[in-house]
Amino acid sequence: MRELSLHILDIIQNSIRAKAELVQLLINEDIKNDRLLIEITDDGCGMGQDLQQRVLDPFVTSRTTRKVGLGLSLFQQAARQCEGDLKIKSALGEGTVITVNFKYSHIDRAPLGDIVGTIVTILSVNPDLELLYRHVINDKEFVFDTRIIKDELEDVQINLPEILSWLEGYLTEGLEDLRR
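For the sequence shown, the residue numbers in the working numbering are 311 to 490.
Now the structure itself:
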């Protein structure tokens with residue numbers, strides 16, 4: 311995939327299929343130490359040891375609509391090409407943590423891409439999902455938590471077009487401030 315945000319979208323979709331109610335996304339751009347960390351944690355159904363050992367095989371999937379599961383194996387390959395790796399920690403009934411790291415300055419590292427579009431897309435089709443997104447660049451941090459937004463909205467759905475438009479602006483502004 312051309313952007314890391316597309317890998318993130320794929321993994322969060324896996325979390326949703328695993329019946330996660332809360333997904334936590336951490337992106338840590340540690341430019342000082344030349345590392346990029348992406349961690350996605352969910353409270354879904356988790357995986358047993360057998361599936362964890364096989365899930366990075368591109369020909370293993372739990373989906374019935376296709377015979378291959380390229381998402382995690384492609385993400386792992388992208389990380390390994392950039393002096394990094396992908397790790398999975400999961401337990402049945404407890405959820406899953408996917409941790410991916412890269413050498414930040416590696417010439418082959420794909421750009422992060424449209425993380426704002428990824429988050430807005432996820433929320434537009436999964437309004438009941440709780441999403442905690444933390445983005446760290448060196449010592450600065452931006453936090454977005456749908457639980458806080460939904461409390462403010464009360465009975466208004468988060469996936470209404472005008473709310474999604476506001477969220478897009480809020481996320482864009484937050485990331486711009488973070489990069490300054």
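Cβ atoms here follow ideal geometry from the backbone N, Cα and C, with glycine treated the same way.
Asked: Buried or exposed (CB count within 10 angstroms, at least 16 for buried), S325; Found: buried
Asked: Proximity winner among G479, A401 and A420, relative to Q387 (alpha-carbon distances); Found: A420
Asked: Residues near C392 in its chain [Cβ-Cβ closer than 6 Å; skip 5 each side]; Found: F412, K413, H416, D418 and R419
Asked: Buried or exposed (CB count within 10 angstroms, at least 16 for buried), V453; Found: exposed
Asked: Pairwise C-alpha distance: N343 and I432; Found: 31 Å
Asked: Reference L470; option with closest CA among N436, N448 and T409; Found: N436
Asked: Neighbour-count burial assignment, T374, 16 or more Cβ in a 10 Å radius; Found: Its pLDDT being 47, under 50, T374 is placed unreliably in this model, and the value from its coordinates should be taken loosely. Per the 10 Å Cβ criterion, exposed.
Asked: Rounded distance between the beta-carbons of G354 and A401, thought under 8 Å; Found: Incorrect: roughly 11 Å between the Cβ atoms, too far for contact.
Asked: T482 to S315 span [Cα, whole Å]; Found: 14 Å
Asked: Assigned exposure category for L477 - 16 Cβ within 10 Å defines buried; Found: buried
Asked: Proximity to G394 [Cα-Cα], best of S383, I321 and L347; Found: L347
Asked: Proximal residues to K450 (C-beta, below 8 Å), its chain only, five neighbours per side dropped; Found: L488
Asked: Residue burial classification, V466 (beta-carbon count within 10 angstroms, cutoff 16); Found: exposed
Asked: Spatial distance of A328 from L366 (CA atoms); Found: 17 Å
Asked: Per-residue burial, L258 [other beta carbons within 10 Å of its own, 16 or more giving buried]; Found: Examination of residue 258 is not possible in this model, given that the chain is present from 311 through 490 alone.
Asked: Identified DSSP bridge partners for Y480; Found: Paired residues: none, contrary to the question.
Asked: S434, DSSP secondary structure in three states; Found: helix
Asked: Exposure label - E360; buried when at least 16 CB within 10 Å; Found: Sequence check: residue 360 is Asp here, not Glu. It counts as exposed.
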